[in-house]
Each structure stands twice: as C-alpha cells, then as structure tokens.
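**Student:** The structure under discussion is supplied below as structure tokens; questions concerning it will follow.
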Amino acid sequence: MTNLPAMEHVIEVTYLIATALFILALKWLSSPKTARRGVFAGELGMLLAIAGTLLHHGLEYKWIAIGLVLGSIIGVPLGEVAMTAVPQRTALSHACGALCVTLVGTAEFYLRAPNVPPFLMGVLSMEVILGALTFTGSLMAAGKLQEVLPQRPITYKGQNFVNLGLLGVAIIIAGVLVAHPDKTHLFPLIVGIPLVFGVMMIIPIGGADMPTVISLLNSYAGLSAAAMGFVLDSKLLIIAGALDGASGFILSVNMSKAMNRSFSNVLFGAFGQEQTAVAGAKEARPVRSATPEEAAGILSAANKVVIVPGYGMAVAQAQHKVRELYDALTKRGVDVKFGIHPVAGRMPGHMNVLLAEADIPYDKLLDMEDINGDFPQTDVALIIGANDVTNPAARTDQSSPIFGMPILDVDKARTVMVIKRSMGAGFAGIENPLYYMDKTLMLFGDAKNFVGAIVRELGGGHE
Amino acid sequence: MKLDLLTSLYVFMLAAFIGFEVIRRVSPLLHTPLMSLTNALDAIAVVGAIILTGEFHAHGATLAKVLGTIAIVAATSNIVGGFLITDRMLRMFKASGPKKP
Chain X
1 MTNLPAMEHV IEVTYLIATA LFILALKWLS SPKTARRGVF AGELGMLLAI
51 AGTLLHHGLE YKWIAIGLVL GSIIGVPLGE VAMTAVPQRT ALSHACGALC
101 VTLVGTAEFY LRAPNVPPFL MGVLSMEVIL GALTFTGSLM AAGKLQEVLP
151 QRPITYKGQN FVNLGLLGVA IIIAGVLVAH PDKTHLFPLI VGIPLVFGVM
201 MIIPIGGADM PTVISLLNSY AGLSAAAMGF VLDSKLLIIA GALDGASGFI
251 LSVNMSKAMN RSFSNVLFGA FGQEQTAVAG AKEARPVRSA TPEEAAGILS
301 AANKVVIVPG YGMAVAQAQH KVRELYDALT KRGVDVKFGI HPVAGRMPGH
351 MNVLLAEADI PYDKLLDMED INGDFPQTDV ALIIGANDVT NPAARTDQSS
401 PIFGMPILDV DKARTVMVIK RSMGAGFAGI ENPLYYMDKT LMLFGDAKNF
451 VGAIVRELGG GHE
Chain Z
1 MKLDLLTSLY VFMLAAFIGF EVIRRVSPLL HTPLMSLTNA LDAIAVVGAI
51 ILTGEFHAHG ATLAKVLGTI AIVAATSNIV GGFLITDRML RMFKASGPKK
101 P
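So this is what it looks like as structure tokens:
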C-alpha cells in the first residue's frame, strides 16, 4: 500500500481548491443575482473533490461505481420534487447525509478496534451519536411533513426525562468506550440508542416548530460530518461540516428568535400543553365576513396592499392564484408587496420559494423587519393562510402563550382581510383577536378558490 | 498524530467562524436554497465513503464494502438532488424588470 507521493499532492490540491470553491459558493449565495454562480462553484468543487478521491492509489472501483450510479439515480427525482414538497425533501436529505456519516463511522470503528486512541474514540462517538439521532429524527420530521405521520405533537408525562435519560446513557457508554475501546460489544448501543432518541425527540414536535427543528437537524448533520472529518483526518470534510453546522445553527437561532422561544423550549416544551388552557375560554364572538365581490372592490380601491402568506397558502397550493391577483392589482396601479414572517411555512424561506415559483419578483418579497414599518400606510393587509404570525396578542396580551413573539403588524393596516377555512384556531391552538377587530373582514373559504374568485371579479386571470 | 488533531481543531474553528460570517449575510429570501446547498456540500462525506469502500482491508472487508456502498448511495443522492433543486429554486428568483406586463 505505498502511495505515489506526487499523486498524493495532486489529491490534496484538488481538496484545497474544492474547499475554496465551497466557501465561495456560500458567499455568492448571499444575493439572488450571484446565487446561481454559487451553485456552479459548489458543483465544480464537488466534482474536483470526488475526482481527486478516485485517484487514490489502490482503490477497487466496482462498488464505488455502483454506489455513485445508484445514488445519482435516486438523487435526480429528489431534485425534481414539487416546490411544496421541499421541506420534506430537505428533511430527507438531512437523513441521507446523516446515514452516510453513521455508516462510515460504524465501519471505521470495527476496522480500527481495539486500537482506537481516546481522542479518536471521542470524536468517533460524537460522529455516530449525532449521525444516528439526525438520521431517525430527520426521517420522523420528513414523515410528519409529508403527513404520513400525525402532525400534532404527541406528549406524555416524563417525556423529557425519558429523552434526556436516553441521550445521557448513550453519552456514558461512549465515555466507557473512550476508556476501553476493546469493549466492542458496547458499540452497537451508541448507534442504537441515538436512533431511538431521534424518534422520541421529534414525537412531541408540532408542524409549526418544524422550521426550527429542520434547521437544528441541519446543524447536527453538519457537526456529525465535521466529526467524521476528524476521524478520517480530512480537512475538507471538517470545513464542509463546519460550514453546514454554522449554517444550520444560524438558521435555528433565527427561527427560535422569530418564535420568541429558546432551543430547549422548542425541543422540550411542546405547545401542546398550553392548548388545553386556552380551549375553554373560546366562545363564539361576532366577526364580519365578506364575499369575493366585496373583497375585490376594497382591493381595487386601495393604493397599497400587503399580502401575508402562511402555511395555509402552501397547503391550498394557492400561490399561482396569488400571482394572478398580484398581476390584476398591479395592472390597476395598486402597489402590492408581500410580508413574510421568518417562520411562515414549514422551513426557513419556504414562502419565498413558493412565491418565486409563481413568478412573483423577489424584490416584492419583504422580510418582517422591512415590511412592518409599512403597515400603518397600508390600505389593505390580505392574510392568506397565516395565523399565529399575525396575532396581535403577541404584542399586547401577557397571558398569551405566544406573548413576545415578533409578529407582522397587520392590525395597523386600515383594513385587514383574512382568508381562512373556518374560525378554527391556528396551529398553536391560540385565539387570534385580530379576527374580531372592527376593521377585519373574514373571507371564509379555500385559499385557492377564494383568491381565484377575487381575481375573476377583478377581471383578470386565465380560466 | 497528536499535532494533526490540534491542527484539525484549528481548521474547524476557523471554518466555523468563516461559516458564521458568510452565512449571516445570506438574505432570508434565500434561506431555503441555502439549506439545500449546504446539504449538498455536506455530502462531501462521500469522499470518506469512497475510500472506505475502495480500500483494501485485511479484516472486516465485507462490512466496509456493504456499509461503504450504502453510504456512497446516500451521499450521492444528496449531491445530485441537492444541487439540482438548489439551481431549480434559484432560477425562479427573478427581479421585477421593466419588461413586466
């Protein structure tokens, strides 16, 4: 097994260039103008790194080729899913990444045992523990997002105790292995227990917390890959893992800030428990409702309209109808913008992708911080399938479970219109006082049909 | 070996700082493509899987081949799918130009 030194250098150089390209890829992603160049840089870096790896002396290619071909065959359909399915696809890809890391870590252990130095055993344990829990956790998240599994959080007494206990046991066993790497019979436990933990961790998490959880899983996937880099002594892998981990971490922090909750609160305190307390107080109060004709009349008389989309828009697949509404109103000289809450939808940036798919120019899609100052000068705020992110109780009602959460200040607009199926409470099961305000009009119906009806009234659309 | 690990820790630390600085600048508009792109880049773990699968092992060869091949499949599906979908998403982001009807 003697490697040609010259070849080794070539390989190392390809890794070095790949690393630079990966960092550039993320840098170029900062603006929509250069973002596609970023993807190209990433692809080039990946190709170089794989090509470089294949140059390693003494590799047997048969199974490598089978793996690469099979993976590509699976990868293409995963790259072509509908935009509405992107959150579950993303969760699934976290699972695939974590699976790869866990399997390689497992094989590395059995190939090296019992001669595993303590530091190496430590990072190896971290690799498989994080990898295994991310694998099953992401599969669970994907199942919930695809609605194969129930979306409602499932909680029981002592849940946190059980979960933390499981993780604690896995870490203790990892500690024993660091001291005695020859106890190979313990190794399956530090893979198996985190696999169970991953499932248990996601069971109490509801759909509205998915943006945070997906980001957190992203971070774990990155960290486990970085740990694998330590095990294999690959700087490229350490850097790619660190970048992915940092990205997931930043997104998780953003998401939990946008919900005014801490990480531990998202992971260990499901909204489910608070629900029961609120449910009793709910009684029928009068609301004003309107027909599509009335809504169309108000919208066409407006100068400035802000549309606030939420997960309901995605469920109803209403984004293309929303685009027709945007066109019809813009044609009449109405200034239409979109106000997007960071946790609208099921993953960070979900709404932006759906609206961009419907051909709405990205400069009309505004972040919460950028749009909130506009609401007092807005004639109509049209809410499509969003609820908790517009709830003024978050600003005013200290007893509300979402008190303190930053919201879109739609209640400051002159008229508020809410497209909603029924008066049912939102995901968190919290009453929204917005609906009972004098300036609020409830537009009851399916988002897609209702927006379509408004568009017909405005004489636009193509049916 | 000991020194190598220390170097690795430095590399990790610096990469994490670069990651924070670079990714903080990504507009929330592009957070979904960001996640799918970092996912694809993270699948560089395929490099480790390739070596595991292809290298000669005196013992545990079957284990290495089986786990390694599955790992390559999982990572490659992320690479191909991740880059494809990121590019598809980014193609959709268009500015409102003067040519808009």
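Protein chains in written order, with this note's numbering: chain X, 1 to 463; chain Z, 1 to 101.
Idealized CB from N, CA, C, for every residue including glycine.
On a predicted model such as this, the values are computed, not experimentally measured, just so you know.
Given that L103 of chain X touches chain Z, what residues does it touch there, using C-beta distances under 7 Å?
**Tutor:** Simply L67, I70 and A71.
**Student:** Can I44 of chain Z and G67 of chain X be called in contact, C-beta distance under 8 Å?
**Tutor:** Not in contact: I44 of chain Z and G67 of chain X (Cβ atoms no closer than 8 Å).
**Student:** So, is the C-beta of T86 of chain Z closer than 8 Å to a C-beta in chain X?
**Tutor:** Judged by the 8 Å Cβ criterion, T86 of chain Z is in contact with chain X.
**Student:** Within this structure, are the beta carbons of G82 of chain Z and A15 of chain Z separated by less than 8 Å?
**Tutor:** No, these two residues do not count as a Cβ contact at 8 Å.
**Student:** Within 10 angstroms of the Cβ of A195 of chain X, are there 16 or more other Cβ atoms? Answer buried if so, exposed if not.
**Tutor:** The identity of residue 195 of chain X in the sequence shown is Leu, whereas the question assumes Ala. When all chains shown are included, L195 of chain X counts as buried.
**Student:** In whole angstroms, give me the CA-to-CA distance for L177 of chain X and V80 of chain Z.
**Tutor:** Cα to Cα, L177 of chain X sits roughly 36 Å from V80 of chain Z.
**Student:** Based on Cα-Cα distance, which residue from X:P406, X:T106, X:L355 and X:N372 lies nearest to A227 of chain X?
**Tutor:** The residue with the shortest Cα to Cα distance from A227 of chain X is X:T106.
**Student:** For G38 of chain X, write down the residues that DSSP places opposite it in a beta bridge.
**Tutor:** For G38 of chain X, which the question treats as bridged, DSSP gives no partner whatsoever.
**Student:** So the candidates are Z:A95, Z:S96 and Z:I85; which of them puts its Cα closest to the Cα of E43 of chain X?
**Tutor:** The option with the nearest alpha carbon to E43 of chain X is Z:I85.
**Student:** How would you call Q88 of chain X, buried or exposed, if buried means at least 16 neighbouring beta carbons within 10 angstroms?
**Tutor:** With 16 or more Cβ atoms within 10 Å of its Cβ, Q88 of chain X is classed as buried.
**Student:** For V305 of chain X, list the residues DSSP reports as bridge partners.
**Tutor:** Per DSSP, X:V336 and X:V380.
**Student:** With a cut-off of 8 Å, do at least 3 Cβ pairs link the region 448-458 of chain X to the region 341-352 of chain X?
**Tutor:** Contact fails: fewer than three Cβ-Cβ distances are below 8 Å.
**Student:** Have a look at L216 of chain X and E293 of chain X and give me their C-alpha separation to the nearest angstrom.
**Tutor:** Rounded to the nearest angstrom, the two C-alpha atoms are 44 Å apart.
**Student:** Give the secondary structure of S289 of chain X by DSSP, where H, G and I count as helix, E and B as strand, and everything else as coil.
**Tutor:** Reduced to three states, the DSSP call for S289 of chain X is strand.
**Student:** How many angstroms separate the CA atom of Y15 of chain X from the CA atom of T184 of chain X?
**Tutor:** Roughly 33 Å separates the two Cα atoms.
**Student:** With a threshold of 7 Å on Cβ separation, who are the neighbours of M92 of chain Z within its own chain once the five nearest residues in sequence on each side are excluded?
**Tutor:** Once the five neighbours on either side are set aside, M92 of chain Z has no close Cβ partner at all.
**Student:** From L21 of chain X to V39 of chain X, what does the alpha carbon distance come to, in whole angstroms?
**Tutor:** Rounded to the nearest angstrom, the two C-alpha atoms are 10 Å apart.
**Student:** Since D359 of chain X and K94 of chain Z should fall inside the 8 Å C-beta cutoff, what is the C-beta to C-beta distance between them, to a whole number of angstroms?
**Tutor:** About 7 Å; that satisfies the 8 Å criterion.
**Student:** If the cut is a Cβ gap below 8 Å, which residues of chain X does T62 of chain Z touch?
**Tutor:** Correct list: empty, because the minimum Cβ distance to chain X is about 10 Å.
**Student:** Examine the ligand GDP and report whether any of its heavy atoms sits within less than 7 Å of the Cβ of E12 of chain X.
**Tutor:** Inclusion of the ligand GDP in the displayed structure is not the case, the ligand content being empty and no account of it being possible.
**Student:** Starting from the C-beta of L365 of chain X, find all residues in its chain whose C-beta is less than 7 Å away, skip the five residues before and the five after it, and write them out in chain order.
**Tutor:** Counting only Cβ-Cβ distances below 7 Å, and skipping sequence neighbours, we find F338, I340, N352 and L355.
**Student:** Give the residues from the region 109-123 of chain X that approach chain Z closer than 7 Å (Cβ to any Cβ), ordered along the chain.
**Tutor:** Cβ contacts with chain Z: Y110, L111 and F119.
**Student:** Out of curiosity, what's the CA-to-CA distance linking Q275 of chain X and G333 of chain X?
**Tutor:** Any reading at Q275 of chain X must be qualified, since the residue scores a pLDDT of 39, below 50, and its modelled position is unreliable; the value itself is stated next. When rounded, the distance between both Cα atoms is 44 Å.
**Student:** In chain order, what are the residue ranges of uninterrupted alpha helix (DSSP H) at least 4 long that sit wholly in the region 105-152 of chain X?
**Tutor:** Fully enclosed alpha helix (DSSP H) runs of 4 or longer: 118-145.
**Student:** Kindly indicate if chain Z contains any beta-carbon less than 8 Å away from that of S252 of chain X.
**Tutor:** By this cut-off, S252 of chain X is not an interface position.
**Student:** Roughly how many angstroms separate the alpha carbons of Y61 of chain X and A170 of chain X, rounded to a whole number?
**Tutor:** Each residue's Cα considered, the two are about 36 Å apart.
**Student:** Let me check understanding here. Comparing Cα to Cα, which of X:G192, X:E127, X:I190 and X:V199 lies closest to L139 of chain X?
**Tutor:** Measuring from the Cα of L139 of chain X, the nearest candidate turns out to be X:V199.
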